[in-house]
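Have a look at the structure below before the remarks.
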Amino acid sequence: MLRGAACDCVNLLENYPAGCYANCTYCGLARERPGAAQDNTFIRVAWPVVPTDLVAEAVARHADRIGRVCVAMVQDRRALPDLVEITRRVRSRSDVPVSALVTATLLDEDRLREIRHAGADIVGIGLDAASEAVFFRTRGRGARGPHSWAQHWAIARAAREIFGPMKVNCHVVVGLGETDRDLVELFYRLRDERIAAYLFSFNPEPGTAMAGAPRPTLRRWRRIQLTKSLIERHDLPRAALEFDGAGALAGVRAPRALVEACLEDGRAFMTDGCPDRHGTLACNRPFGSYRPGEAFRDYPFLPEAEDRAAIRAETAWDELAPLG
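Spelled out as structure tokens, the structure:
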């Protein structure tokens, strides 16, 4: 438990002897990452292998303490039927809601309906890249991988129709080589599509193709978090945002009172994650984007006064001129 915040989501990752057949440049499960697949980490931690029935029974025993279960697919021909079966086993023993973090490359509309029928109520899609060009070189053919930007969008839209508006989320990683303009355009696109954006801060995984790539600066990350909140929660118009020649955020024409309210409220800087049965954040992923002892990238709890003071300094919002 971290300052009173516990992760109430049980995160499950499918495991196969060959690992994952995708080859995403930043991912610990990448096909071409050196070493044996069973020894690889994911999000810089090891994932112990546990029988599905043991997990389902444990979830049922502790259902009053568990807000959600998330089952994550990998790129493997067995991944979809296994996801469906895991979801069924969990849901047959308890009413704990299940999210399916899917591999879009393996899906179509019928398979999405199968996931829905098995009992999942939310679908997550690892879009990760903020633009088609970044996707190509980090997840697609440019990375010797199987994934397609167009297929991911097709599945996101199909899932929205099957699961409902805001019951589908796309993971978006800041720091894969995109510009601020790319991110902002994606936020508007997802908002208009009624698909949630779950923001992640890139943190290099040892042994991957991007192991030596820099993390986004804390200042850039905070500004992106705040801008995303202004777009999603306060309908900030596109015309209010200005970018320099490199696509970096250069100016925001937003009322000062609105920006101050967002900084003081703190929700913009919390983890994006799926809710529990009561609508409270369940998947808050402590240390998912940072190490213990480092500054919080996304807070697993509502930031307190001391946290908000640090956020204000990290954001340095007044440097973004003009400010309305």
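For the record, in the sequence shown the residue sitting at position 163 is 167 according to this note's numbering, with numbers rising by one throughout.
We put the beta carbon where it would ideally sit given N, CA and C, even for glycine.
On a predicted model such as this, the values are computed, not experimentally measured, just so you know.
Report the residue from the options whose alpha carbon sits nearest the alpha carbon of residue i.
i           : options               : result
residue 145 : 9, 18, 28 and 11      : 28
residue 31  : 259, 189, 109 and 143 : 143
residue 12  : 304, 312 and 220      : 304
residue 74  : 157, 15 and 176       : 15
residue 200 : 261, 129 and 230      : 129
residue 350 : 161, 211 and 206      : A question about residue 350 goes unanswered here, because the residues of the chain that appear run from 5 up to 328.
residue 170 : 276, 317 and 20       : 276
residue 19  : 51, 37 and 88         : 51
residue 220 : 294, 285, 80 and 8    : 294
residue 8   : 252, 90 and 308       : 308
residue 316 : 212, 158, 195 and 229 : 229
residue 114 : 152, 133 and 167      : 167
residue 225 : 274, 213 and 35       : 274
residue 287 : 53, 105, 58 and 65    : 105
residue 67  : 245, 208 and 99       : 99
residue 232 : 123, 193 and 22       : 193
residue 302 : 258, 177 and 216      : 177
Starting from the C-beta of residue i, find all residues in its chain whose C-beta is less than 8 Å away, skip the five residues before and the five after it, and write them out in chain order.
i           : result
residue 141 : 29, 147 and 181
residue 61  : 97
residue 26  : 33, 34, 35, 78, 79, 107, 109, 143, 149, 150 and 151
Please list, in chain order, all residues of the same chain as residue i whose beta carbon is under 6 Å from its beta carbon, the five residues on each side excluded.
i           : result
residue 163 : 116, 127 and 172
residue 248 : 254
residue 202 : 173, 175 and 276
If you follow the beta strand (DSSP E) that residue i is in, where does it begin and where does it stop?
i           : result
residue 86  : Premise fails: residue 86 lies in the alpha helix (DSSP H), 83-97, not in any beta strand (DSSP E).
residue 178 : 172-178
residue 110 : Element bounds for residue 110: n/a, residue is neither H nor E.
State the start and end residues of the unbroken alpha helix (DSSP H) segment that holds residue i.
i           : result
residue 156 : 153-167
residue 2   : Summary: the structure shown does not reach residue 2, with the chain confined to residues 5 through 328, and so no result is reported for it.
Does DSSP put residue i in a helix, a strand or coil?
i           : result
residue 104 : strand
residue 9   : strand
residue 75  : strand
residue 130 : strand
residue 67  : coil
residue 125 : strand
residue 33  : coil
residue 14  : strand
residue 182 : coil
residue 23  : coil
residue 120 : helix
residue 53  : coil
residue 145 : helix
What does a CB cutoff of less than 7 Å around residue i pick up in its chain, not counting 5 residues either side in sequence?
i           : result
residue 156 : 108, 129 and 131
residue 56  : 90 and 93
residue 238 : 262
Runs of 3 residues minimum, wholly inside the stretch 193-256: which ones carry the beta strand (DSSP E) assignment?
200-205, 245-247 and 253-256
Curious, which full-length alpha helix (DSSP H) runs of at least 4 residues does the stretch 266-324 contain?
Within the stretch 266-324, complete alpha helix (DSSP H) segments of at least 4 residues are found at 309-319, given in chain order.
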